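Novice: Once you know that position 524 of the sequence shown is 524 in UniProt numbering, the rest is easy, because the numbers rise by one and skip nothing.
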Amino acid sequence: MQLYSLLLHHHIIFHPFFEVFLHVKMTILMSLFSLQPWFLVYLSMILCVFHVITCEFLRVSRLSGPPTFPIIGCLISFYKNRHRLLDWYTELLAKSSTNTIVVDRIGARRTIVTANPENVKYMLKTNFNNFPKGKPFTEILGDFLGYGIFNVDGELWHTQRKLASHEFSANSMREFVINTLKEEVENRLLPVLDSLAKTSQVVDLQELLRRLAFNMICKVSLGTDRCCLDPSSPDSSLAKAFDMASLISARRGAAPLFLVWKMKKWLGIGSERRLKDAVDVVHEYVEEMMHEKRKQGENYGQDQDLLSRLILAGQEEEVIRDMMISLIMAGRDTTSAAMTWFFWLISRHPEIEQELDKETEFMNDKVLDYESLKELKLLKACLCESMRLYPPVAWDSKHAIADDILPDGTRVQAGDRVTYFPYGMGRTEALWGKDWFEFKPDRWFTEPNFKRGEPKQICPFKFPVFQAGPRVCLGKEMAFIQMKYVVASVLRRFEIRPVRSDQPVFVPLLTAHMAGGLKVSVRQREQLR
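(1) Please classify N116: is it buried, with 16 or more other beta-carbons within 10 angstroms of its beta-carbon, or exposed?
(2) With 16 other CB atoms within 10 Å as the buried threshold, where does Q354 fall?
(3) My output table needs one value for P498: the three-state DSSP class, helix, strand or coil.
(4) So, helix, strand or coil for Y420, using DSSP?
(5) For R523, name the three-state secondary structure that DSSP assigns.
(6) Give the straight-line distance between the Cα atoms of M514 and S501, rounded to the nearest whole angstrom.
(7) Where DSSP assigns a beta bridge to R411, which residues make up the other side?
(8) Based on Cα-Cα distance, which residue from V152, A254, P455 lies nearest to L376?
(9) Roughly how many angstroms lie between the CA atoms of P464 and K366, to the nearest whole one?
(10) Nearest-angstrom Cα distance between D322 and L145?
(11) Would you mind working out which of K295, M290, Q296 sits nearest L310, comparing C-alpha positions?
(12) Drop a sphere of 10 angstroms on the beta-carbon of R411, count the other beta-carbons inside from all chains shown, and report buried for 16 or more, exposed for fewer.
(13) Can you tell me which of the three DSSP states T511 falls into?
(14) So P504 packs on L86, CB below 8 Å; how close in whole Å?
(15) Quick check: the Cα distance between R427 and F437, rounded to an integer number of angstroms?
(16) Determine the DSSP secondary structure at T98, reduced to helix, strand or coil.
(17) Counting only runs that start and end within the stretch 165 to 232, where is the alpha helix (DSSP H) found for 4 or more residues in a row?
(18) Report the CB separation of V113 from L141 in whole angstroms; it is logged as a contact under 8 Å.
(19) Would you mind giving the Cβ-Cβ distance between L275 and S236, rounded to the nearest angstrom? I have them listed as a contact below 8 Å.
(20) S233 CB to nearest chain B CB: under 7 Å?
(21) Closest to G453 by C-alpha separation, out of P460, D442, K262, F461, would be which residue?
(22) Looking at the structure shown, is G516 part of a helix, part of a strand, or coil, going by DSSP?
(23) Rounded to the nearest angstrom, what separates V490 and N449 at their Cα positions?
(24) Check whether the Cβ atoms of M478 and L383 lie closer than 7 Å to each other.
(25) Check R105 in the structure and name its three-state DSSP category.
(26) Beta-carbon within less than 6 Å of G148's beta-carbon, same chain only, minus the 5 sequence neighbours each way: which residues are those?
(27) Go ahead and label E184 buried or exposed: buried means 16 or more other beta carbons lie within 10 angstroms of its beta carbon, across all protein chains shown.
(28) For the stretch 414 to 421 and the stretch 396 to 405, state whether three or more C-beta atom pairs, one from each stretch, are separated by less than 8 Å.
(29) F362: buried (16+ other C-beta within 10 angstroms of its C-beta) or exposed?
(30) Within 10 angstroms of its Cβ, does M425 collect 16 or more other Cβ (buried), or is it exposed?
(31) Which term fits V202, buried or exposed, when burial requires 16 or more other beta carbons within 10 angstroms of its beta carbon?
(32) So, does the stretch 96 to 105 touch the stretch 64 to 79, judging by three or more C-beta pairs under 8 Å?
(33) Please return the same chain residues whose Cβ sits closer than 8 Å to the Cβ of G516, not counting the five positions on each side in sequence.
(34) Do V192 and A241 have their CB atoms nearer than 7 Å?
(35) Starting from I328 and walking both ways along the alpha helix (DSSP H), at which residues does that stretch end?
(36) Shortest alpha-carbon distance to P392 belongs to which of L378, P350, M329, D404?
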């Protein structure tokens, strides 16, 4: 016991856990000579195990992140904060000198979460090949997204990327998107809003925008018209299936213990059963559309939708099906989420809404096409600022193939999950200043006053809302075209006002949304320009 007292006296042991542990070790050592030799072997093995645990605990304790304990890791604090993971991670990152934390808990893969642009650049570009999606990620989303472009690596990803890149960059595709937007907005969305304004009805704007985006992406990707924009009509079975599959797949990734969902899948019960049923609905619909296209023979080659183009390119049916599912999921939820938060934010900043009104005023006599939409610089800045605070994809993960060291010195072990965190990055003082919490479109201009400045080029690794590097979102330009067209069309004719003044809740799934939707009233502008 003198050794124990000596260690404490010289401050070699600081943690209460180790005071108790060392006391136990000293007690055991004092009684060793009274034990049988065979028992000494077992005690030695036990002490070795405890020594390894002690060393690992000391190593982990030196890393930035949540409180971590032997064996269970940070399971306790993770479970306590499971309903506020985004803000919890953001708080932990703010305390880290490198804006990087390590989250290690029993039942889950060791995870490194970073809001450091240099780290993001390293994993998304510099050492891209060492940070693929990885099997753990593709396993979580595999039942829903299959071999789609968002869920594969290697040659299969390169093939789909090359094919999709060619189609998205075609001028004919851009024209097809603009024409589809015009039809959906002018002939459907605006008449619906006009009717709501005349009858003073309250509508869930988030749901309305999601239906609009769903109509749009189904036309662009599948060449089919879902006709589901009317808020009084029930949501389609396909849309409901997408919602269910997205929700359950996202919950898989956030589960405290991954064995739970795997066991439910093996037994075919609960949420995993509902996931299978939802995926079956999605597969059946897309496969039916593929069958209809092929029945048209050579005529489908005249269609402009992506499905027709991919079939014409001779891709395998399963790859085409999964690629379509990925595109529909991304195209449906990302733009609608961004626009929902945009309308809520400008409703709280009437001075910015007035400036947007002036910017769209001169567009009244112009046709909204690709060239005229590029002139809406303040609108784009407002959309970017909205996505900085409320990114459609709050986080994205890769998995390290080999041991590595991030630019900030964080050591990565092979198999680690490495997550870059757009939500936290948008709330990092080191990146956006002490006023990061303010909605300030001026950030996106070269001068403090947007009237004098030009649009500023922001580093994509500081603002990775559309990813960056080789996997940068192919639909980025299409997304801005759609959002600017819809928002400009609405602002020219209507005032959108939320009926509640409280702070909405940001919910991260595969793509984020506003909890409970955004209930708004719609009014005609006093003077139609």
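Glycine included, C-beta positions come from ideal geometry on N, C-alpha and C.
Note that the structure is predicted; figures quoted are calculated from it, not measured.
Specialist: Well, looking at it:
(1) buried
(2) exposed
(3) strand
(4) strand
(5) strand
(6) 14 Å
(7) I405
(8) P455
(9) 33 Å
(10) 6 Å
(11) Nearest C-alpha to L310: M290.
(12) exposed
(13) For T511, the three-state secondary structure derived from DSSP is coil.
(14) Not a contact, Cβ separation roughly 14 Å.
(15) 7 Å
(16) coil
(17) 171 to 184, 190 to 199, 205 to 222
(18) With 8 Å as the limit, V113 and L141 do not qualify as a contact, their Cβ atoms being about 19 Å apart.
(19) Not a contact, Cβ separation roughly 19 Å.
(20) No chain B appears in this structure, which consists of one protein chain only.
(21) D442
(22) coil
(23) One C-alpha to the other measures close to 25 Å.
(24) Against a cut-off of 7 Å, the Cβ pair of L383 and M478 comes out as no contact.
(25) Residue state, collapsed to three classes: strand.
(26) D322, M323, I325, S326
(27) With 16 or more other Cβ atoms within 10 Å, it is buried.
(28) yes
(29) exposed
(30) buried
(31) By the 10 Å Cβ count, V202 comes out exposed.
(32) Short answer: they touch.
(33) In its chain, beyond the 5 residues on either side, P504, V505 have a beta carbon closer than 8 Å to the beta carbon of G516.
(34) Taking the C-beta atoms as reference points, A241 is found no nearer than 7 Å to V192.
(35) 317 to 347
(36) M329
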